[in-house]
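Protein chains in written order, with the numbering used here: chain B, 20 to 357; chain X, 3 to 344.
Here's what the structure looks like:
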């Protein structure tokens with residue numbers, strides 16, 4: 020995400036410099052043949068600009084199309100099968116009829132929604148202190164080692180596919196929980212899912228938070244030292260409050276990744292359709308339920324539509340996260356004039 | 003000047019590559035993405051079958067004689083078919099369909115047969131709208147499509163599939179009555195000691211409610227009783243289900259016999275004293291089985307028909323039984339009658 024923004028930035032910068040370059044070459048070209056001007060401008064200016072604009076518009080249309088598609092499919096549960104939104108959100112009676120036209124089952128997704136919220140919330144609680152601690156360590160406390168060793172190591176974590184996290188969780192974490200706590204249903208549990216998610220979102224939060232901390236103006240730190248602060252006082256009282264919005268952005272990005280994760284969670288959560296009794300009991304979540312049933316349900320039927328409604332809910336939640344990020348980063352990092 | 007030209011050239015060409023990649027991505031993603039995982043799993047299964055064929059043949063002693071006599075006739079009728087056939091759907095049928103496609107293509111080199119997974123619902127939907135030639139399904143088309151779409155499809159019952167309850171190999175349970183089975187799967191019995199086993203908590207392992215395997219087990223083993231989804235671990239596929247049972251001493255679940263060929267980590271449990279074997283399925287004493295369907299839109303192309311005839315024909319029957327599936331034509335009248343009565 021970060022790199023995309025950077026790319027757009029450099030393209031825009033380049034575009035600003037184009038006209039100047041054209042003027043120089045233009046005057047040279049005019050000497051030879053002024054007739055070619057039109058085609059010349061097409062090749063040198065409008066072609067590249069057109070391709071970039073086309074690609075940009077295509078992505079915007081694609082996003083809108085996905086949103087519209089989900090909206091049409093996802094609202095079928097309410098318009099075609101006449102369930103109420105309250106039933107979908109707060110009932111735990113999940114028994115949709117899986118035929119092309121049948122109806123009358125329950126579409127209560129409360130168990131899945133609760134499972135998603137609980138596992139993601141726990142994952143955040145577990146990992147946020149570690150992630151912010153790591154970010155402070157690699158930027159403020161040991162910037163050289165942080166830049167050379169720690170940062171590349173964390174970035175490698177981002178690239179590990181979720182199936183690998185899930186598999187490791189299944190072969191290491193689940194048997195471990197089973198042998199240590201002896202829960203009734205084996206090691207498949209909310210705890211296992213939360214730990215897997217926590218490990219997965221750790222690099223996201225750490226890298227974004229580290230960027231935010233690094234961009235705190237140097238003058239802030241110098242002012243703190245000038246007043247006689249220790250290094251920890253500068254970190255705790257000045258740097259962290261100043262980079263608060265960036266750190267929050269990192270946490271929300273991590274939460275968004277956790278919310279959308281299906282595979283790794285599905286492997287360790289047990290997928291029991293019940294509210295968990297405690298941290299060691301299995302439950303289910305939105306993404307795992309969609310993945311489990313999407314291929315076999317009758318297209319356009321009640322069960323299929325209910326799954327699409329869950330997909331729409333995930334889409335709306337991720338939109339909410341993006342909205343929150345914009346709200347927070349709108350306040351921005353305080354700037355000082357040089 | 004030259005520098006600019008190079009820049010422009012690279013920009014245009016990279017845009018062209020992007021556009022091409024987009025087109026390619028759109029065209030093929032819907033089918034290939036769904037099928038890669040099952041494909042990998044089934045090649046392994048196919049490799050296993052070769053070695054276990056001899057062992058599994060003992061299960062079908064009565065059938066061996068007439069298979070041999072009719073092989074020659076079947077081989078000559080399957081000559082010179084060409085064309086492309088695509089099939090998609092049921093993951094229970096996928097390993098068999100892929101093995102059959104492989105040996106069918108060996109005999110008919112001009113034929114290309116592509117088999118994908120995706121689930122029964124997906125297979126029926128795709129054959130109904132014409133995206134594939136054959137839709138594989140565990141259930142009748144009427145259950146997953148609306149009446150108009152289902153009426154256009156032609157059903158071919160290519161084989162039977164037998165479902166068996168399975169438990170961890172270390173558990174001292176060999177047979178359960180139907181009542182005990184229902185009581186266990188509805189969550190009423192929660193300890194093995196209540197059904198004559200050790201003092202061990204029962205861990206239910208099931209499949210998603212849309213699964214064809216689950217539907218079949220519910221109808222014929224549990225007499226239509228709904229499983230306790232709120233007290234069971236749910237697994238996406240039979241392979242994961244077996245793995246879960248291997249890891250939990252008190253676990254019970256159910257899979258098709260095709261997943262039990264050469265598996266010693268779990269053991270199949272008899273129902274009412276009848277062991278889940280192909281022989282018992284054929285003679286009608288074991289009741290938990292169903293047909294695997296291949297649907298075509300109308301009669302289907304010549305190549306599609308030839309392939310369906312091949313997979314359900316006598317020449318392929320030995321290999322089919324070796325993989326744990328049942329030959330549809332061997333079902334006795336008693337078995338069919340008992341099945342229809344349910």
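In this text, a Cβ means the ideal position worked out from N, Cα and C, and glycines have one as well.
Self-check item: Check whether residue 131 of chain B and residue 315 of chain B have beta carbons under 7 Å apart
Solution: Taking 7 Å as the Cβ cut-off, residue 131 of chain B and residue 315 of chain B do not qualify as a contacting pair.
Quiz item: Got a sec: is the Cβ-Cβ distance from residue 334 of chain X to anything in chain B below 7 Å?
Solution: Chain B contact via Cβ: absent.
Self-check item: Contacts of residue 185 of chain X in chain B (Cβ-Cβ under 9 Å)
Solution: Residues of chain B whose Cβ lies closer than 9 Å to the Cβ of residue 185 of chain X do not exist; the shortest such Cβ separation is about 18 Å.
Quiz item: Between residue 210 of chain X and chain D, is there a C-beta pair that is closer than 7 Å?
Solution: Among the chains of the structure shown, chain D does not appear; the protein chains present are B and X.
Practice problem: Pick helix, strand or coil for residue 226 of chain B, following the three-state DSSP scheme. | Solution: Note: residue 226 of chain B maps to helix in three-state DSSP.
Exercise. Please confirm if residue 147 of chain X has its CB atom under 7 Å from at least one CB of chain B.
Key: Judged by the 7 Å Cβ criterion, residue 147 of chain X is in contact with chain B.
Quiz item: Which two residues bound the contiguous alpha helix (DSSP H) that contains residue 281 of chain B?
Solution: Membership of residue 281 of chain B in any alpha helix (DSSP H) is not indicated, and neither H nor E is assigned to it by DSSP.
Quiz item: Any Cβ of chain B within less than 7 Å of the Cβ of residue 205 of chain X?
Solution: Interface residue, yes.
Quiz item: So, helix, strand or coil for residue 297 of chain X, using DSSP?
Solution: Three-state result, residue 297 of chain X: strand.
Practice problem: Could you please tell me which residues of the segment 185-209 of chain B, in chain order, have their CB closer than 9 Å to any CB of chain X? | Solution: Residues 189, 193, 194, 197, 203, 204, 205, 206 and 207.
Quiz prompt | Through-space distance from residue 176 of chain X to residue 312 of chain X, alpha-carbon basis | solution = When rounded, the distance between both Cα atoms is 37 Å.
Quiz item: Taking C-beta to C-beta, are residue 326 of chain B and residue 309 of chain B nearer than 7 Å?
Solution: Yes.
Quiz item: Applying the criterion that 16 or more other CB atoms from any shown protein chain within 10 Å of the CB defines a buried residue, is residue 182 of chain B buried or exposed?
Solution: Answer is exposed; the Cβ neighbour count stays below 16.
Exercise. Please classify residue 118 of chain X: is it buried, with 16 or more other beta-carbons within 10 angstroms of its beta-carbon, or exposed?
Key: Classification of residue 118 of chain X: buried, given that the 10 Å Cβ count is 16 or more.
Quiz item: Three or more beta-carbon pairs under 8 Å between the segment 84-94 of chain B and the segment 272-288 of chain B, yes or no?
Solution: With the cut-off at 8 Å, the segment 84-94 of chain B and the segment 272-288 of chain B do not touch.
Quiz item: What are the boundary residues of the alpha helix (DSSP H) that residue 127 of chain X is part of?
Solution: 122-130 is the span of the alpha helix (DSSP H), which, as asked, contains residue 127 of chain X.
Quiz item: Anyone know if the C-beta pair for residue 154 of chain B and residue 228 of chain B falls short of 7 Å?
Solution: Less than 7 Å separates the beta-carbon of residue 154 of chain B from that of residue 228 of chain B.
Quiz item: Do we get a CB-CB distance below 7 Å when we pair residue 112 of chain B with the residues of chain X?
Solution: Chain X contact via Cβ: absent.
Practice problem: Using the DSSP secondary-structure output, state which residues sit across from residue 159 of chain X in a beta bridge. | Solution: Looking at the DSSP assignment, residue 159 of chain X forms a beta bridge with X:295.
Self-check item: residue 290 of chain B classed as buried or exposed, judged by whether at least 16 other C-beta atoms fall within 10 angstroms
Solution: Buried.
Quiz item: If you follow the alpha helix (DSSP H) that residue 138 of chain X is part of, which residue opens it and which one closes it?
Solution: Here residue 138 of chain X belongs to no alpha helix (DSSP H); instead the beta strand (DSSP E) covers 136-139.
Practice problem: Spell out the partners DSSP gives residue 113 of chain X in its beta bridges. | Solution: Note: residue 113 of chain X sits in a beta bridge opposite X:85.
Quiz item: Would residue 250 of chain X count as contacting chain B if we go by Cβ distances under 7 Å?
Solution: Chain B contact via Cβ: present.
Self-check item: Residue environment, residue 255 of chain B, which counts as buried when at least 16 other CB atoms sit within 10 Å
Solution: That one is exposed.
Quiz item: How long is the line joining the alpha carbons of residue 295 of chain B and residue 168 of chain X, rounded to whole angstroms?
Solution: Whole-angstrom Cα-Cα distance: 26 Å.
Exercise. To the nearest angstrom, report how far apart residue 264 of chain B and residue 258 of chain B are at their CA atoms.
Key: Cα to Cα, the separation comes out at about 12 Å.
Quiz item: Residues of chain B with CB under 8 Å from residue 235 of chain X, in chain order?
Solution: Chain B residues near residue 235 of chain X: 204, 205, 207, 289, 290, 291 and 301.
Quiz item: Alpha carbon to alpha carbon, how far is residue 161 of chain X from residue 208 of chain B?
Solution: Roughly 39 Å separates the two Cα atoms.
Quiz item: Which of the three DSSP states, helix, strand or coil, is assigned to residue 300 of chain B?
Solution: Taken through DSSP and simplified to helix, strand or coil, residue 300 of chain B comes out as coil.
Quiz item: In its own chain, which residues sit with a C-beta less than 7 Å from the C-beta of residue 123 of chain B, not counting the 5 before and 5 after it?
Solution: Here the set comprises 116.
Quiz item: Listed in chain order, which residues of the segment 307-321 of chain B have Cβ atoms closer than 9 Å to some Cβ of chain X?
Solution: Within the segment 307-321 of chain B, the qualifying residues are 307, 308, 310, 311, 312, 313, 314, 315, 316, 317, 318, 319 and 320.
Quiz item: By Cβ distance below 8 Å, which residues in the same chain neighbour residue 331 of chain B in space, the five residues on each side in sequence not counted?
Solution: Within the same chain, residue 331 of chain B has close Cβ partners 89, 90, 92, 93 and 94.
Quiz prompt | Euclidean distance between Cα positions of residue 40 of chain B and residue 329 of chain B | solution = For residue 40 of chain B, the pLDDT reaches just 46, beneath the cut-off of 50, and the residue's location in the model is therefore unreliable, although a value from the coordinates is still provided. Rounded to whole angstroms, residue 40 of chain B to residue 329 of chain B spans 53 Å at the Cα level.
Quiz item: Near residue 348 of chain B, what residues of its chain come up, given a Cβ to Cβ distance below 7 Å and the 5 sequence neighbours on each side ignored?
Solution: 264 and 268.
Practice problem: Apply the 10 Å Cβ neighbour rule to residue 252 of chain B and answer buried if 16 or more other Cβ atoms are within range, or exposed otherwise. | Solution: Exposed is the label assigned to residue 252 of chain B, since fewer than 16 other Cβ atoms lie within 10 Å of its Cβ.
Quiz prompt | Spatial distance of residue 330 of chain X from residue 159 of chain X (CA atoms) | solution = Each residue's Cα considered, the two are about 7 Å apart.
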